[in-house]
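Worksheet: one structure, shown below.
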């Protein structure tokens, strides 16, 4: 095997299946696994100290309790999975360790196919994956001996695969991704080699496995009816065969109107062997699974609304994931975007890995004139005085991005500040998801509002957030890289967005009151400083008394929590300030101002 030549493979690390691709001769090529298949089940089985990955592990998925499936759902969490060693002892494995076994398997057979050592990869993740989940994916790659050059969103990778030959014209593209274990839909804008995610939504607890389970339930009900209530749920071998038969039936019904589910000698009872011969029509299958299909409808509407476009403005529909081969799925998507037929020119099982390989080619310099832009799914904020969530990076901002803003202290002689970072759409920090916090010390004692603290949020191309706080006077700084943002699922993200909309009016009232209080306190404190300064003796007595009365009224309204009165008194103060500016600064220069 020859030395590493900097080749970058593209990996679709899926919940149910994974796929690996590489650029060869300027085109992406999907690599077959040792069993001659172009996709590999994301399943790891532990047996007698042996680690089995892929199809071999899938074949013992039900019968071997040490078989781990859908590990992707646990990425970014502290959850561990337990497996039993040959000596009977139990060991715990992190999601990263299990995922690394899948990645290592993909890497190993890719090396054998290519004939070169591989150490670099682009790995795809769902668009809703948060910071912790993306970091965990990079860690899994590292454990597998891969330097993860880039983490990119699955729908973006799909659009990259479809759009590589069309990058010269602007398009609005809907990507409908129904995999084995997750579902998401995204709207992208593709123009002049630039791919930008406009909106994303979905359900990470919905996938092709759910369609399989409906068939299993149907067969099980038939068996119970024909065999006096026979329940096979605890018969592992029978359940393994049921699962395989259900998946096979689902696939066959995508191409034909009916199928025969044949399971001879499924199990044995006191009355003898149980044989199953059952016809399932596509119509019946679609009836059984209609509630599942309907769960994909709202996310499509959501992304169209979020992107602020009309359905007729969508130029193309891309289908991703093997489950999109089902005719009912294609009909639903077509009904949501009238007049547009989904583009199925690339194998939906392979399209994401192909896009990842193309991105690898971009990073290596083999593919020119393509720029990939992703977005952050939720607003990133800092908690400020009164518990307000002050946004620095708003939802759907293109990444990578860096945003800075100047803040100050909330109390006199404050020598440190707590920097609290949150994620969500609500105006109040407490209603959002807390991501992390750190402290910046060494601030020079000064009246509140005087120190200048620069807060910088930097979100990299992998969606990983770094927050830095810097005292511009002392130049002291501290920072944090957010490695756990609460493991938000797409469902949680959408719930946070819905909650923000539902509570918008109440939240705005609360925020307005806090802002009024902060503004009022700022005026009172600033005027007190002005009146206590040596220059105050030059202030006309009549105006000084009027100013004291105005600030006294503001202070009284604050203490009484009378926000209607506070608003009026602040306006009175501002009018007085404008009058003073005109009277004493006829050239238009501003007089004393509260911060």
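Numbering (the working numbering), first residue to last: 24 to 618.
All C-beta atoms in this analysis are idealised placements derived from N, C-alpha and C, irrespective of residue type, glycine included.
All values reported here derive from a predicted model rather than from experimental measurement.
Can you tell me whether DSSP reads residue i as helix, strand or coil?
{"i": "residue 295", "result": "strand"}
{"i": "residue 74", "result": "strand"}
{"i": "residue 194", "result": "strand"}
{"i": "residue 308", "result": "helix"}
{"i": "residue 64", "result": "strand"}
{"i": "residue 127", "result": "helix"}
{"i": "residue 326", "result": "helix"}
{"i": "residue 140", "result": "coil"}
{"i": "residue 444", "result": "strand"}
{"i": "residue 450", "result": "coil"}
{"i": "residue 152", "result": "coil"}
{"i": "residue 564", "result": "helix"}
{"i": "residue 287", "result": "strand"}
{"i": "residue 302", "result": "strand"}
{"i": "residue 30", "result": "coil"}
{"i": "residue 403", "result": "strand"}
{"i": "residue 225", "result": "strand"}
{"i": "residue 423", "result": "coil"}
{"i": "residue 167", "result": "coil"}
{"i": "residue 538", "result": "helix"}
{"i": "residue 337", "result": "coil"}
{"i": "residue 414", "result": "strand"}
{"i": "residue 58", "result": "coil"}
{"i": "residue 429", "result": "strand"}
{"i": "residue 282", "result": "strand"}
If we count the other Cβ atoms within 10 Å of its Cβ and call it buried at 16 or more, is residue i buried or exposed?
{"i": "residue 435", "result": "exposed"}
{"i": "residue 293", "result": "exposed"}
{"i": "residue 80", "result": "buried"}
{"i": "residue 260", "result": "exposed"}
{"i": "residue 65", "result": "buried"}
{"i": "residue 192", "result": "exposed"}
{"i": "residue 697", "result": "Given that the chain is displayed from residue 24 to residue 618, the structure contains no residue 697 and the question cannot be resolved."}
{"i": "residue 291", "result": "exposed"}
{"i": "residue 288", "result": "exposed"}
{"i": "residue 41", "result": "buried"}
{"i": "residue 112", "result": "exposed"}
{"i": "residue 133", "result": "buried"}
{"i": "residue 532", "result": "exposed"}
{"i": "residue 314", "result": "exposed"}
{"i": "residue 273", "result": "buried"}
{"i": "residue 382", "result": "buried"}
{"i": "residue 448", "result": "buried"}
{"i": "residue 86", "result": "exposed"}
Quick one: residues in its chain with C-beta nearer than 6 Å to the C-beta of residue i, no 5 flanking neighbours on either side, listed in chain order?
{"i": "residue 285", "result": "300"}
{"i": "residue 407", "result": "413"}
{"i": "residue 229", "result": "206 and 318"}
{"i": "residue 509", "result": "Its pLDDT being 44, under 50, residue 509 is placed unreliably by the model, and the measurement read from it follows with that caveat. Counting only Cβ-Cβ distances below 6 Å, and skipping sequence neighbours, we find 456."}
{"i": "residue 389", "result": "46"}
{"i": "residue 36", "result": "146"}
{"i": "residue 197", "result": "210, 337 and 340"}
{"i": "residue 387", "result": "31"}
{"i": "residue 325", "result": "224"}
{"i": "residue 283", "result": "302"}
Name the one or two DSSP bridge partners that residue i has.
{"i": "residue 46", "result": "51"}
{"i": "residue 22", "result": "The chain is shown only over 24 to 618; residue 22 falls outside these bounds and no answer can be derived."}
{"i": "residue 435", "result": "BP columns for residue 435 are empty, so no partner."}
{"i": "residue 273", "result": "Answer by DSSP bridge pairing: none, since residue 273 is not bridged."}
{"i": "residue 206", "result": "201 and 226"}
{"i": "residue 35", "result": "42 and 147"}
{"i": "residue 185", "result": "Residue 185 is not bridged to any residue."}
{"i": "residue 398", "result": "421"}
Which same chain residues, not among the five before or five after residue i, have their C-beta less than 7 Å away from its C-beta?
{"i": "residue 98", "result": "118, 122, 156, 159 and 160"}
{"i": "residue 552", "result": "470"}
{"i": "residue 280", "result": "304 and 305"}
{"i": "residue 428", "result": "415 and 478"}
{"i": "residue 405", "result": "413, 415, 442, 443, 444 and 478"}
{"i": "residue 264", "result": "286 and 289"}
With a cut-off of 7 Å, does the C-beta of residue i fall near any C-beta of chain B?
{"i": "residue 169", "result": "Note that chain B does not occur in the displayed structure, where there is just one protein chain."}
Taking only heavy atoms of the ligand SAM into account, decide whether any of them is closer than 6 Å to the Cβ of residue i.
{"i": "residue 412", "result": "Among the ligands in the structure shown, none appear at all, so the ligand SAM cannot be discussed."}
Can you find the residues in the same chain that come closer than 8 Å, C-beta to C-beta, to residue i, ignoring five residues on each side of it along the sequence?
{"i": "residue 536", "result": "586"}
Practice problem: At 4 residues or longer, and completely inside the region 229-266: list those alpha helix (DSSP H) runs for me, N to C. | Solution: 231-249
Exercise. Taking only runs that begin and end inside the region 454-504, name each unbroken beta strand (DSSP E) of 3 or more residues, in chain order.
Key: 456-463, 476-482, 488-494 and 500-504
Quiz prompt | beta strand (DSSP E) segments (min. 3 residues) lying fully within the region 340-394 | solution = none
Quiz item: Counting only runs that start and end within the region 74-127, where is the alpha helix (DSSP H) found for 4 or more residues in a row?
Solution: Taken in chain order, the whole alpha helix (DSSP H) runs of length 4 or more contained in the region 74-127 are 78-81.
Practice problem: Let me know the beta strand (DSSP E) ranges lying completely inside the region 580-606, each 3 residues or longer, listed in chain order. | Solution: none
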